[in-house]
Amino acid sequence: MSGRRIAVFGAGYVGLVTGACFAELGHQVVLRDVLPEKIAALERGEIPIYEPGLDELVERNRERLRFTTDVAEAVEGAELVYVAVGTPPTYSGDADLSAVWTVVDELPDDLDRRIVLVMKSTVPVGTGDKVRAALDARGLKNVGYVSNPEFLAEGTALHDFMAPDRVVVGGFDPADADAVAELYSKLDAPIVRTDVSSAEMIKMASNAFLSTRISFINEIANVCELVGADVTAVAEGMGLDHRLGKHFLKAGIGFGGSCFPKDISALKQLAGNSGYHFQLLSSVIEVNELQKRRVIGKLQKHLGRLRGTRIALLGLAFKPGTDDMREAPSLVLASRLLAEGAQVRTWDPVASAVDLLPTATQCDSIEEAIDGANAAVIVTEWSELADLANPDVRERMANPLIIDGRNMLDPAKVRAAGFAYEGIGRPSHETGLGAATTG
Ligand SMILES: NC(=O)c1ccc[n+]([C@@H]2O[C@H](COP(=O)([O-])OP(=O)(O)OC[C@H]3O[C@@H](n4cnc5c(N)ncnc54)[C@H](O)[C@@H]3O)[C@@H](O)[C@H]2O)c1
């Protein structure tokens, strides 16, 4: 198959990865965004997000990638028009589809050929039906519509796009769905062909289930703390059951990011708007909110009142491998600490919270953040923190206490290095037993 001509609306996280990966697969791609400064930066070869390997991928495919703010230029000659604009939450918890509707409205009336509008953005079930009706109302019968949701995870986005577990394609017209499925023909991935609504629901239900697993293991962790079990051993023992699998069973201080919180909220609202109370999902959301705050109790247990204490928050991004701060648990944690009167010193290798947390001090190094601190909290499991429990850190801290919000350190080693240690769902004292071993 020779390369197709693809327009991608939205040069954000998903749009950039989608565009660059399609170019790598041999397609001609035009990325269109409404932000002139973003397009200008991309034209200069600057990648506005941190995603490992993305700058090299864009550079390698420069001949097949163009950037524009102009709708007509993007759509001209395109066979497929991808929508990869943001769908953030509204105050009601529903998805804000205004950017999606703008793209639909921006499509030219005088198309002289058939194009396929492909939805990559995560949208509520029923959006495809509404867009189809709007296109029909405008007389745009020669614009097809296909749902092709994206499952990539930030930090591993290129691998996830090029080696996906599956590609989901839901179309009204089989020929349009064929055209989208063909784009991925060089990839070794199962293609799930379905109707539009089911494709939309596969995306929403997948994120809801992954979030449910995280909130489930976090509740197990909270019970472990009360009964003296170690959740890391419990998760390992559970995960070896092939019916369960080991993924998304890591206890911690809750999930964040641009997808899970908004997508599960959108599904909860969608269910409610359709007359169904999605009780389980409400609990998943509530557990996650409470989980972000549990570190405060652990700090108070060791330090008493937090007013006047100095707390180092190590890691700001919602997970390692990205500078994305959307819905990052660090923001809730820092705000709670500041409200308690603590001094907050933060460190992250790539993310910044200077604007989001103006009263916290953002440090350039781990050493600077922990200097004189009464506690160090691991918020994001950056590999730079693997050796945190070392003599230099112990010497620099006013009080050698490590709260490991991601269970990334070995408690026995941390305690042997002279620190007090608190994980999530792990005994707060030495048990004499290590993590679970299999053999
Ligand atoms: N980020 C992820 O990990 C991820 C993973 C899977 C799915 N998704 C979904 O993909 C969609 C995009 O997410 P994102 O993280 O890339 O968002 P983003 O906010 O990083 O990027 C959206 C981009 O769209 C641009 N835009 C807005 N209106 C436009 C228009 N009319 N024409 C062209 N561009 C326009 C914005 O300027 C912005 O650059 C969302 O629906 C999200 O839920 C995201």
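All residue numbers for the sequence shown refer to the working numbering, where the first residue is -15 and numbers rise by one.
Quick reminder that beta carbons are idealized off the backbone N, C-alpha and C, glycines included.
| Asked | Found |
| --- | --- |
| Just mark Asp172 as buried or exposed, buried being the case when its beta carbon has 16 or more other beta carbons within 10 Å. | exposed |
| Taking Ala217 as the reference, give the member of Gly240, Ile201 and Leu95 with the closest Cα. | Ile201 |
| Report yes if the C-beta distance between Ala357 and Arg294 is below 8 Å; otherwise report no. | yes |
| Alpha carbons only, please: which of Ala183, Asp394, Glu35 and Ile(-10) is nearest the one belonging to Asp308? | Glu35 |
| What is the rounded straight-line gap between the Cα of Leu283 and the Cα of Pro32? | 36 Å |
| Within its chain, find whatever has a CB closer than 7 Å to the CB of Val107; leave out the 5 residues flanking it on each side and keep chain order. | Thr71, Ala79, Leu81, Val84 and Glu184 |
| Express the C-alpha separation of Val215 and Cys208 in angstroms, rounding to a whole number. | 6 Å |
| Please find out if some non-hydrogen atom of ligand 1 comes closer than 7 Å to the beta-carbon of Phe(-7). | yes |
| Quick one: what's Pro73 bridged to in DSSP? | Ala79 |
| How would you write the range of the alpha helix (DSSP H) that Gly43 sits in, first residue to last? | The question names Gly, but residue 43 is Glu in the sequence shown. That run of the alpha helix (DSSP H) goes Leu38 to Arg44. |
| What would DSSP say about Val84, mapped onto helix, strand or coil? | helix |
| Which one or two residues does DSSP pair with Gln346 in a beta bridge? | Thr330 |
| Can you have a look at Tyr75 and say buried or exposed, based on whether 16 or more other CB atoms are within 10 angstroms of its CB? | exposed |
| Quick check: does the Cβ of Gly77 come within less than 7 Å of any heavy atom belonging to ligand 1? | no |
| Counting C-beta neighbours from all protein chains within 10 Å, is the total for Pro133 16 or more, i.e. buried, or is it exposed? | buried |
| With DSSP run on the structure shown, which of helix, strand or coil describes Glu57? | helix |
| Regarding Ser242 and ligand 1, is the C-beta to nearest heavy atom distance less than 7 Å? | yes |
| Alpha carbon to alpha carbon, what distance is there between Ala382 and Ser169? | 58 Å |
| To the nearest angstrom, report how far apart Ala56 and Ile186 are at their CA atoms. | 32 Å |
| Is Arg291 buried or exposed, if buried means 16 or more other CB atoms sit within 10 Å of its CB? | exposed |
| For the alpha helix (DSSP H) containing Ser412, list its first residue and its last residue. | From DSSP, Ser412 is part of no alpha helix (DSSP H); its letter is neither H nor E. |
| Whose C-beta lies closer than 7 Å to the C-beta of Asp355 among residues of the same chain, with five residues either side of it excluded? | Arg380 |
| Contact check, Gly241 vs Phe302 under 8 Å by CB: the rounded distance? | 4 Å |
| Would you identify the three-state DSSP class for Leu0, choosing helix, strand or coil? | helix |
| Measure the C-alpha to C-alpha separation of Glu47 and Met103 and round it to an integer number of angstroms. | 25 Å |
| Exposed or buried, His11, counting other C-beta atoms within 10 Å across all chains shown (16 or more means buried)? | buried |
| Classify Ala419 as helix, strand or coil using the three-state DSSP reduction. | Its pLDDT being 49, under 50, Ala419 is placed unreliably in this model, and the coordinates cannot settle the point. |
| Using the DSSP secondary-structure output, state which residues sit across from Thr293 in a beta bridge. | In DSSP, Thr293 forms no bridge with anything. |
| Per the DSSP calculation, Gly155 is bridged to which residue(s)? | Val130 |
| Look up Thr178 in the DSSP assignment and give the residues it is bridged to. | Gly154 |
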